[in-house]
Structures are given as structure tokens and as C-alpha cells.
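Here the structure comes first, spelled out in C-alpha cells, and everything after it is commentary.
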Ligand code: GLU
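Numbering (our numbering), first residue to last: 92 to 297.
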């Protein structure tokens, strides 16, 4: 018997904002090997929720590169741009829980602040209309990363109330990634260390 805990699902979730770069290829390989070594499934998700920054030709090129490198994923590729109804449903659920609030601040009003100062947290100030929706974060989140070790972040201080629905009407990556990982039954995430900092926000949202 192996002492390695079994996992059922890993994933690789590139953003088609350009061709697959070397760091992403490392994440693809790491997540694939991690899942396969445990006899698990490995899924592919195209994180194209940020429509203005994504291009179909980049998505096609990424898939072609992965294929050329010999990667084989399980099931169809899930594209985030097909999932807006699902994200909207989850946002409605969060509204009912009072876990999110409307924010009327413009970019220029909060520019320069290290984290969102919470201007609209207790209700929209007079004269402001809702532009975006933000998650109410609270407390510390800690987790163990298999490579980077124990991580701890005080969410209000380090991240602040993050945007889930943007002023341009697009859902934010932070919401999409959490909903998709849950819906796809992902139980082990292998990805770039640049996302270490976002992980506590995503755990809070989970
Ligand atoms: N789409 C993200 C990126 O390419 C990765 C998201 C994730 O692995 O959670 O940076």
C-alpha cells in the first residue's frame, strides 16, 4: 500500500492571454504527474473569464502545445466563458448569505490603497450606485502547501474585500476558479507559486 494519499482529481487551468509559457508548462506537468501518480483524473479548464484579455487563438495554441507535448486530459475542456449563469447563481447565493456587498467606488477613488479600504462595506454611501460586488473577508486563513510549507494570511490586512463581480459586468477570476474547482470535484491543486497569495481568498470563498 502506498503512503501517498489518494486524490481523485487534479487540473490544469491556463488563461489564454498568450501562448503557453514555460512556467505554465511546469504547472501542467506537475499537476498531471501528481494526479496520475495517485491514479487520479486530470482535467483541463480554459480560464477565459476575463474576455477582454483572452483570445480564442491563444486557447487553440495552448491546446495544440499540450497535445504536441503528449499531454492527455480527461473529459472535455471546460471553458469559463460558458459558465456565467452558474457564477451568477453562486453570487445570488452569496448575496442571500450577506457574504458579499455592492461597491460603488471607482478605480480612481481607491487607487493607491494597498487593499480596498472598505468604503462601501456598511452600505453604499449616499450618492453612490453599485458598480461591483465584493466578498466580505475576515480573519486569518492558514493552509499547508506541499512545496512552500505552512502559509498564513490575515485576509482583511493582506487582501481586503476582493471583487467577485467587476464593474464591467464580468465575473472575477477569484469567483470563477473557486466555483469551477468545486463543480469539477478538484481535490488537489498544483499551480504556480504566483497564486500562493490568492489561495487564502479562495479558501475563504470556498
Ligand atoms: N488561470 C490561472 C493562470 O493561468 C491559473 C489559475 C489556477 O491555477 O488556479 O494563471
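Where a beta carbon is used, it is the ideal one built from N, C-alpha and C, also for glycine. From a predicted model like this one, the values you see are computed outputs, not experimental measurements.
Mind checking which residues open and close the alpha helix (DSSP H) that includes residue i?
i	result
residue 113	113-128
residue 61	Look at the range of the chain in this structure, 92 to 297, and you will see that residue 61 is not part of it.
residue 156	147-159
residue 184	175-187
Looking at the secondary structure, which residues open and close the beta strand (DSSP E) in which residue i lies?
i	result
residue 207	Looking at the DSSP string, residue 207 is not in any beta strand (DSSP E), and its letter there is neither H nor E.
residue 191	191-194
Our contact map puts residue i next to residue j with C-beta atoms below 8 angstroms; I'd like the distance itself, whole angstroms only.
i	j	result
residue 250	residue 292	5 angstroms
residue 174	residue 271	7 angstroms
residue 181	residue 105	Not confirmed; about 22 angstroms, so no contact.
residue 191	residue 171	Not quite, the Cβ-Cβ distance comes to about 19 angstroms (not below 8 angstroms), so this is no contact.
residue 101	residue 125	6 angstroms
residue 239	residue 287	6 angstroms
residue 87	residue 99	Residue 87 is absent from the structure shown; the chain starts at 92 and stops at 297.
Nearest to residue i by alpha carbon, out of the options?
i	options	result
residue 151	130, 188, 137	137
residue 196	203, 245, 220	220
residue 34	166, 259, 115	Residue numbering for the chain in the displayed model covers 92 to 297; residue 34 lies beyond these limits and cannot be assessed.
residue 245	256, 235, 201, 295	295
residue 247	183, 209, 169	209
residue 177	281, 267, 297	267
residue 188	157, 227, 206	227
residue 127	217, 242, 225, 103	103
residue 143	273, 257, 281	257
residue 224	215, 230, 147	215
residue 235	275, 281, 118, 205	281
residue 157	218, 135, 99, 217	135
residue 165	277, 289, 287, 286	277
residue 290	243, 160, 200, 275	243
residue 111	129, 148, 163, 131	148
residue 161	119, 107, 260	119
residue 167	194, 199, 133	133
residue 146	113, 107, 261, 265	107
residue 315	262, 273, 279, 275	Examination of residue 315 is not possible in this model, given that the chain is present from 92 through 297 alone.
residue 269	255, 259, 260	255
Can you tell me which residues form a DSSP beta bridge with residue i?
i	result
residue 103	135
residue 169	136
| field | alpha helix (DSSP H) runs contained entirely in the stretch 212-294, provided each spans 4 or more residues | value | 246-249, 264-274
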